[in-house]
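Everything below concerns the one structure shown next.
Written as C-alpha cells, this is what we have:
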C-alpha cells in the first residue's frame with residue numbers, strides 16, 4: 002500500500018475513533034452515574050480527620066456546576082486536635098490490587114474555589130493510614146482539564162516507591178491548613194500517553 006494512502010487511512014481512522022469516543026484510556030468516573038458509584042463499580046465515600054479525633058467537617062454530594070454533573074466535596078478543614086483534612090476517596094477495585102502499570106498518569110476535569118488540593122494514591126504496599134503517594138493541584142472557578150503524571154507523585158511517610166501494579170485507592174483531599182473546601186470533580190480517567198500541549 003502506498004505511504005500516502007496509508008497516511009490518509011490512518012487520519013480517517015483516528016478521526017472516526019475520536020468521533021465515537023474510542024480510547025485506550027480507562028475512565029474511572031465520568032459522572033454518568035446518578036449515585037456515588039464510579040464507572041469501575043466501586044463507590045465514593047467521605048473521609049474526614051474525625052476518624053483520628055479531628056474536628057474538620059465536610060460533605061460529599063452529587064451536584065451540577067456550570068452545566069457539568071460532578072461530585073462535590075465541601076467543608077471546613079481545621080488543624081485543631083491534630084486534624085487537618087477532608088477527603089473523597091474511591092477504592093479502585095474490590096480485589097487486592099488494581100494494575101495501572103500500562104498508564105502514564107491521571108487526567109481530571111475539575112473546578113473549585115481557587116484553592117490547592119491533593120490527590121493521594123494508596124497501594125497494597127502501605128500499612129498505615131497516614132501513608133500515601135501525593136501530588137498537588139490548584140483549582141479555578143472554571144472547568145479545566147489537568148493531567149498529573151504518575152512520576153509527579155511523591156511518597157509520604159513511606160520508603161517504598163510507588164508500585165503501579167498494586168494500586169488500591171485514590172483520594173481527592175483538602176489538607177494541611179485551615180481552609181474552606183469546594184472541589185468539583187467532573188471526570189477522572191487514566192491516560193495511556195502524556196497529553197500534548199495544544
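Residue numbers (our numbering): 2 to 199.
Every residue gets a Cβ at the ideal spot worked out from N, C-alpha and C, and that includes glycine.
Minimum C-alpha distance to residue 173 - residue among 55, 36, 60 and 26: Nearest C-alpha to residue 173: 60.
Reference residue 139; option with closest CA among 33, 39, 63 and 109: Here the closest residue by C-alpha is 109.
The beta strand (DSSP E) spanning residue 144 covers which residue range? Note, residue 144: premise wrong, no beta strand (DSSP E); not H, not E.
Can you give the Cα-Cα distance for residue 131 and residue 98, rounded to whole angstroms? Going from the Cα of residue 131 to the Cα of residue 98 covers about 19 Å.
In DSSP terms, what residue 195 is bridged to: DSSP output for residue 195 lists no bridge partner at all.
Report yes or no: do the stretch 62 to 72 and the stretch 148 to 156 share at least 3 C-beta pairs separated by less than 8 Å? Too few Cβ pairs lie closer than 8 Å, so no.
Same chain only: Cβ atoms within 7 Å of residue 77, ignoring 5 sequence neighbours per side: Excluding sequence neighbours, residue 77 sits near 57, 58 and 181.
Would you decide whether residue 50 is buried or exposed? Buried here means 16 or more other CB atoms lie within 10 Å of its CB. The residue is buried, with at least 16 neighbouring Cβ atoms inside 10 Å.
Could you tell me which residues DSSP pairs with residue 48 in its beta bridges? 88, per the DSSP bridge assignment.
Restricting to Cα atoms, I'd like to know which of 193, 151 and 143 is closest to residue 133. Looking at the Cα atoms, 151 is the closest of the given residues.
Determine the contact status of residue 185 and residue 46, defining contact as a CB-CB distance below 8 Å. Taking 8 Å as the Cβ cut-off, residue 185 and residue 46 do not qualify as a contacting pair.
So, for residue 25: in the same chain, excluding its five sequence neighbours on each side, which residues have a beta-carbon less than 8 Å away from its beta-carbon? Within the same chain, residue 25 has close Cβ partners 193.
Taking residue 173 as part of the beta strand (DSSP E), name the residues at either end of that continuous run. For residue 173, the enclosing beta strand (DSSP E) stretches over residues 168 to 176.
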